[in-house]
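Structure first, commentary second.
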Amino acid sequence: MDDHQPEGNQEGPGKKKPELSKEEKLAKEKAHFMEKFAAGDTNHVQTRVAWILNRYPAARNSDVTLQVLYWRIFNRDLLSGPNTVSLENLYKLARLTDIARSRAKIQNEYHLFQASEGIRKRRVVKEGEERARQIDDQPPIPTLTVYSDESGKTDNYLIVGSVWFLRGEDVHNVTSALKEWRERTGFKDELHFTKISDRSIDRYLEVIDILDAFAATISFRAITIERRGHADIPRVIDDLLLHLLVRGVRHEHESGRAPLPRSLSIFKDAEEEVRDRLSVANLELDLKNVARAQFNNELHISLVHAIDSKSLVPIQLADLFIGSLNRRLNVAQNGNHAKDRFANAFLGRFAGDGGQQQYDQGGDMTVIDKF
1 MDDHQPEGNQ
11 EGPGKKKPEL
21 SKEEKLAKEK
31 AHFMEKFAAG
41 DTNHVQTRVA
51 WILNRYPAAR
61 NSDVTLQVLY
71 WRIFNRDLLS
81 GPNTVSLENL
91 YKLARLTDIA
101 RSRAKIQNEY
111 HLFQASEGIR
121 KRRVVKEGEE
131 RARQIDDQPP
141 IPTLTVYSDE
151 SGKTDNYLIV
161 GSVWFLRGED
171 VHNVTSALKE
181 WRERTGFKDE
191 LHFTKISDRS
201 IDRYLEVIDI
211 LDAFAATISF
221 RAITIERRGH
231 ADIPRVIDDL
241 LLHLLVRGVR
251 HEHESGRAPL
261 PRSLSIFKDA
271 EEEVRDRLSV
281 ANLELDLKNV
291 ARAQFNNELH
301 ISLVHAIDSK
311 SLVPIQLADL
321 FIGSLNRRLN
331 VAQNGNHAKD
341 RFANAFLGRF
351 AGDGGQQQYD
361 QGGDMTVIDK
371 F
């Protein structure tokens, strides 16, 4: 062997990195798509199609239904009425081929928002009858969108916290409101509890005011348990998330804020890829069983996904909530510290109780039921 020849996996100067496999490219592409979808992006055909598929189950089975809904929702300025389009504008409307191509990629390659089994089988042949009247016969299912994270793995209390959007469009609305605030104030940093300092506290307190404007359609929910006595911490966190979701759905239904039937989408913070796959699969299966046993099949599990992106605004909001709660439960407080001031303000505002947490007792488990 030439003494200058690289051995094993070492790369010589000028050598290119090995190209990604087809599967790796698809995984990277799906992750990028999920990040945009989780952020409430509706600026692209693919995320718009996913938005419709998530809310209108009939569109999963019919490309014509999907196209008409797409036009009504995203091209409504080009329509002469809900059921009318002029020939001149027909050229400007999104094309069925583009819409169907995005639907096929989402369903067939990303395996999201699947059509019924019968439709999937028939799609190997040209689809036959398409009836746009399905749009009126099957109204959209309202959504619940949940973003979760956890804290306290080395502290006295384990915490799983979450932010709930009771209307799907508020993911985009809250993100836009915070974007406008950033432009107005010049604050460019991501929102993270650990970054709160005397220099930034005033800006972080302004975020609380922005969130308060959405109080009718946003919830912050958490569940906590003593860490002591638990050997398998990741499994405990998975169990806590399941209990949080079930109790949260029941509370939102019984309170009338988000009555069933409803579609549920969950984005949990990603950790380790192999374990995340098992965790997501178990959670989806458990939730489907709960939907049948406790919610009379009126809870539809639309999506469970582990997402690795702290840049998402909803994940940042969950971080602020969990950080505040962790500060209250696991950290010796110094009332003058900027983090304590923020935690007291955040919990005080959304608890409506002067900063005193409202708990629901469940055995040795404490559920932060309403903030």
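For what it's worth, this note's numbering labels the leading residue of the sequence shown as 1, then goes sequentially.
Glycine included, each C-beta is placed from N, C-alpha and C at the ideal position.
* Asked: Which residues in the same chain have their Cβ closer than 8 angstroms to the Cβ of T47, if we skip the five residues on either side of it in sequence?
  -> F33, K36, F37 and D41
* Asked: Roughly how many angstroms separate the alpha carbons of L429 and F187, rounded to a whole number?
  -> In the structure as shown, the chain starts at 1 and stops at 371, and residue 429 therefore has no counterpart that could be examined.
* **Proximity of I201 and R60 at Cβ, strictly below 8 angstroms** => no
* To do: Would you be able to state if there are at least three C-beta pairs under 8 angstroms between the stretch 191–201 and the stretch 266–281?
  => no
* Taking all protein chains shown into account, decide if H300 is buried (16 or more other Cβ within 10 angstroms of its Cβ) or exposed. => buried
* Asked: Beta carbon of R55, beta carbon of I119: below 8 angstroms?
  -> no
* To do: Using the DSSP secondary-structure output, state which residues sit across from H305 in a beta bridge.
  => F267
* To do: Evaluate S212 with the Cβ neighbour count: other Cβ atoms within 10 Å of its Cβ, from every protein chain shown; 16 or more gives buried, anything less gives exposed.
  => According to the sequence as given, residue 212 is Asp; it is not Ser. Exposed, by the Cβ-count rule.
* To do: Please name the residue in G348, L264, W71 and L283 whose C-alpha comes closest to that of N83.
  => W71
* Alpha carbon to alpha carbon, how far is S62 from K126? Give it in angstroms, no decimals. => Because the pLDDT of K126 is 47, which lies under 50, any placement of that residue in the model is unreliable, and the question is left without a value.
* **Integer-rounded CB distance, given that H192 should sit under 8 angstroms from D319** => 6 angstroms
* Asked: Straight-line CA distance for L312 to E190?
  -> 9 angstroms
* To do: Leaving aside the five residues before and after N89 along the sequence, list all residues of the same chain whose C-beta is less than 7 angstroms from its C-beta, in chain order.
  => L78
* Cα-Cα separation, S302 to N336 -> Approximately 44 angstroms between the Cα atoms of the pair.
* Asked: At what residues does the alpha helix (DSSP H) containing L96 begin and finish?
  -> L96 to A104
* Inter-residue Cα distance where the pair is G355 and I52 -> With a pLDDT of 40 at G355, under the threshold of 50, the modelled position of this residue cannot be trusted; read the value that follows with caution. Approximately 39 angstroms between the Cα atoms of the pair.
* How long is the line joining the alpha carbons of R101 and T143, rounded to whole angstroms? -> 25 angstroms
* Asked: Considering only C-alpha positions, which residue in the set L244, L66 and I73 is nearest to L287?
  -> Cα-wise, what sits closest to L287 is L244.
* Could you check the C-alpha separation between S176 and A215 for me, to the nearest Å? => 16 angstroms
* Asked: Looking only at its own chain, which residues have a Cβ that is under 6 angstroms from the Cβ of G323, when we skip the five neighbours before and after it?
  -> F193
* If you draw a straight line from the C-alpha of Q114 to the C-alpha of Q107, how long is it? -> 5 angstroms
* Hey, quick one: how far does the beta strand (DSSP E) through F220 stretch, first residue to last? -> I218 to E226 is the span of the beta strand (DSSP E), which, as asked, contains F220.
* Given D170, which residues of its chain have a CB within under 7 angstroms of its CB, disregarding the five upstream and five downstream residues? -> F214, T217 and I218
* Asked: Can you tell which of R262, L158, R182 and L96 has its C-alpha closest to the C-alpha of T145?
  -> Sorting R262, L158, R182 and L96 by C-alpha distance to the C-alpha of T145 places R262 at the top.
* CA nearest to the CA of D149, picked from R221, Y91, L87 and R203 -> R221
* Check whether the Cβ atoms of I233 and K153 lie closer than 8 angstroms to each other. => yes
* chain D contact for V249 (CB, 8 angstroms cutoff) -> Absent from the structure is chain D; it holds one protein chain and no more.
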